[in-house]
Each structure stands twice: as C-alpha cells, then as structure tokens.
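The sequence shown begins at 2 in the numbering used here and counts up one residue at a time.
The block underneath contains the structure these notes are about, expressed in structure tokens.
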Amino acid sequence: MYGIAPAMVTLMKEDQSVDTESIRVLTDFLIEKGVHCLYPLGTTGEMLKLSMEERKLVAETVVQQAAGRIPVYIHVGSASQTEMISLAKHAHHIGADGIGAVTPSYFPATKRELIAYYGALCDAVPQQFPVYLYNIPQLAVNDLTSDVVEEIAKANKNVVGIKYSFNDFRRTAEYTRVRGGDFSVMHGADVLLPATMALGCEGTITGCGVPYPEVYVALYDAILSKDDEAIRVHQAFADDYANVLGNGSNMAYFKAALVHRGLVDHYQMRSPSLPLTQDEQNRLFAELTTLDEQYAKLDPDFSSRIN
Numbered sequence: 002m003y004g005i006a007p008a009m010v011t012l013m014k015e016d017q018s019v020d021t022e023s024i025r026v027l028t029d030f031l032i033e034k035g036v037h038c039l040y041p042l043g044t045t046g047e048m049l050k051l052s053m054e055e056r057k058l059v060a061e062t063v064v065q066q067a068a069g070r071i072p073v074y075i076h077v078g079s080a081s082q083t084e085m086i087s088l089a090k091h092a093h094h095i096g097a098d099g100i101g102a103v104t105p106s107y108f109p110a111t112k113r114e115l116i117a118y119y120g121a122l123c124d125a126v127p128q129q130f131p132v133y134l135y136n137i138p139q140l141a142v143n144d145l146t147s148d149v150v151e152e153i154a155k156a157n158k159n160v161v162g163i164k165y166s167f168n169d170f171r172r173t174a175e176y177t178r179v180r181g182g183d184f185s186v187m188h189g190a191d192v193l194l195p196a197t198m199a200l201g202c203e204g205t206i207t208g209c210g211v212p213y214p215e216v217y218v219a220l221y222d223a224i225l226s227k228d229d230e231a232i233r234v235h236q237a238f239a240d241d242y243a244n245v246l247g248n249g250s251n252m253a254y255f256k257a258a259l260v261h262r263g264l265v266d267h268y269q270m271r272s273p274s275l276p277l278t279q280d281e282q283n284r285l286f287a288e289l290t291t292l293d294e295q296y297a298k299l300d301p302d303f304s305s306r307i308n
C-alpha cells in the first residue's frame with residue numbers, strides 16, 4: 002500500500018444490515034477523488050461488530066466495485082484466529098490485492114504467541130499474497146515491538162509491511178528499518194502525514210480521508226512535490242477537518258459527514274454504537290460548511306456536496 006488509503010466505513014441500512022449499494026457508491030467516490038488504495042473492514046469499518054458473513058459481503062462488494070482500478074487490501078483481523086484465517090483465504094479467493102490483520106486483542110499475548118499468530122496467518126495464504134501487520138495497542142492491548150516485527154517479517158516473506166496507529170515516532174522510525182528497509186509502513190495518524198513520510202512511511206491509512214479524500218490527496222501530492230508552502234496550507238486544512246470529525250474517536254462523525262457531502266441520504270451505526278444526536282449533527286454540519294467554504298477558495302474544483 003502507499004499514498005492515501007481510506008479506512009472505509011461500513012455503510013448500513015436503517016435496520017443495521019450492510020448497505021452494499023451505498024458501499025459501491027463510496028468506493029467509486031473515493032477512487033474518483035484520487036485515493037491510491039482502499040482498506041475496508043478495519044477499525045473505522047466497525048470490523049468486530051460485524052458477522053463473518055457480513056465481512057465477506059463487504060469485502061466482495063469493494064473488490065468487485067473497485068474492479069482493479071486501485072489496490073484493495075482487506076482487513077481480516079478477528080478475535081478468533083480461526084475466523085481470521087477464513088477471512089484471509091476468502092480475501093485471496095475474491096481477488097483482493099492483499100490483507101491486513103490486527104494483533105490479538107483483549108487477552109495479553111506473549112512474543113512467542115504473536116509470532117505464532119502471524120505465522121499461522123501467513124501459512125494460510127499463498128506466499129506471494131501480501132500481508133500487513135496492524136498495530137493499534139491503545140485499543141487491541143497487545144503491542145508489536147520492532148524486534149517482534151523483525152522476527153515475523155524475516156520468517157514470513159509475504160509480510161510486506163505494517164499499519165501503525167499510535168503516535169510514537171521512534172517506533173515508527175524503527176519499523177521503517179525492518180528487514181533492511183525493505184518494509185512498508187503505513188501510518189494511521191493522517192494529520193501527521195508530512196512527519197511520518199519524512200521518517201520513511203509510504204503514506205497513511207486514513208479515517209478522515211473517507212468523507213474528505215481531496216484534502217489528504219492534496220497534502221500527499223504537496224509532500225511528493227516538496228512544496229513547503231502547499232504542505233503548510235493543506236496540513237492546516239487536514240488538521241481542521243480531523244478536529245471537526247473527532248479524529249477517529251467516533252465513526253458516526255465520518256458517516257454523518259458523508260450525508261453532509263450528499264454521498265448518502267442516511268447513515269446507521271452498528272449497536273451498541275449510536276448515530277449522532279440531532280444537535281451533534283447540526284453542529285457538525287455547520288462546522289463542515291464553514292471549512293468547506295474556506296477550502297473551496299483553495300481548490301475551486303472542490304464541492305462540499307457531490308450531488
């Protein structure tokens with residue numbers, strides 16, 4: 002993976018069933034806005050609140066709709082190793098470009114157990130099928146230290162990189178040196194993109210970039226162009242949008258923002274999560290409208306509503 006890879010939300014109908022048609026619309030929207038990869042069914046996708054059948058349905062929908070236009074990496078991490086392996090095999094079967102898998106969660110895992118966990122995953126898929134580790138210790142409990150990642154990567158050639166969602170720059174730098182530097186690091190802190198890319202990261206797997214991909218694609222392009230002034234300008238907007246969207250603290254903000262942009266006409270969360278209250282939504286829409294008007298002055302092609 003590289004560049005701007007949105008961590009896709011899982012859109013649902015009013016009855017909380019998976020809304021495949023809206024997911025297809027979202028897939029097209031993100032690709033048309035210039036993102037480089039797609040990453041459904043991770044934390045932002047409410048992965049652990051979905052059934053196996055639902056996760057497979059979402060994966061199939063995104064892969065089919067993307068139709069090879071950009072890479073699609075399916076997150077397959079699960080509370081059950083057996084389920085994780087089943088999801089991994091399914092992702093390969095449907096033609097995904099690779100997979101990612103979060104560490105075991107809730108129960109502490111030893112170094113030996115983490116190595117065995119990822120070894121079992123890598124053995125379950127072809128050796129040429131790319132696998133990303135996923136470390137988000139503040140939620141999953143277990144932490145992948147750089148020495149453990151090094152051992153996993155050396156033992157499993159199909160482990161090509163890691164998604165890291167914690168703001169530890171020293172650890173980030175250590176990851177970029179795994180396997181002699183032949184290792185991809187995608188950071189989860191989208192607002193730190195200039196800094197993490199300076200450390201050697203390939204890009205960001207972004208939640209805020211789901212409703213506002215243009216902002217993060219523009220920031221990425223400015224970084225590649227080494228345009229310091231453009232980086233500062235786009236970074237400021239990336240910060241502002243992320244703050245308004247709650248910095249990933251509540252996925253309802255991302256889904257509600259898609260309503261604001263006219264991409265969908267409703268949204269739903271999977272219980273026990275709840276949609277925003279009307280007051281929260283009104284405040285969100287007002288703050289986004291202000292930001293949209295400011296951003297439109299920078300990018301005349303930008304429209305806050307796509308319809």
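Glycine included, C-beta positions come from ideal geometry on N, C-alpha and C.
Going by DSSP in three states, residue i sits in which element: helix, strand or coil?
i: L246; result: coil
i: N157; result: coil
i: N283; result: helix
i: L275; result: coil
i: N308; result: Low per-residue confidence applies at N308: pLDDT is 43, beneath 50, and the placement is therefore not dependable enough to give any value.
i: Y107; result: coil
i: V10; result: coil
i: N102; result: Note on residue identity: the sequence assigns Ala, not Asn, to residue 102. Here A102 sits in strand by DSSP.
i: G120; result: helix
i: I137; result: coil
Quick one: residues in its chain with C-beta nearer than 8 Å to the C-beta of residue i, no 5 flanking neighbours on either side, listed in chain order?
i: Y118; result: Q82, T104, P105 and A110
i: P195; result: L220, I224, I232 and Q236
i: V192; result: C209, Q236, A239, D240, A243 and N248
i: A60; result: P41, L42, I75, L88, H91, A92, I95 and A97
Cα separation between residue i and residue j?
i: L277; j: V36; result: 27 Å
i: A121; j: G43; result: 20 Å
i: P212; j: T45; result: 12 Å
i: Y268; j: S304; result: 21 Å
i: Y176; j: N159; result: 16 Å
Find out if the Cβ-Cβ distance for the pair residue i, residue j is shorter than 8 Å.
i: L134; j: A102; result: yes
i: R172; j: K155; result: no
i: L246; j: C209; result: yes
i: I100; j: V132; result: yes
i: D240; j: L292; result: no
i: P214; j: K34; result: yes
i: M252; j: E22; result: no
Within a Cβ cutoff of 6 Å, which residues of the same chain sit near residue i, ignoring the five residues on either side of it in sequence?
i: N308; result: Reliability of the predicted coordinates at N308 is poor, the pLDDT of 43 falling under 50, and the value obtained from them is presented with this limitation in mind. Within the same chain, N308 has close Cβ partners G263.
i: Q129; result: none
For residue i, which residues from the same chain have a beta carbon less than 7 Å from its beta carbon, with the 5 sequence-adjacent residues on both sides left out?
i: I32; result: A67, R70 and I71
Every unbroken beta strand (DSSP E) inside the segment 158 to 227 [3 residues or more] | 160 to 165, 185 to 188 and 204 to 207
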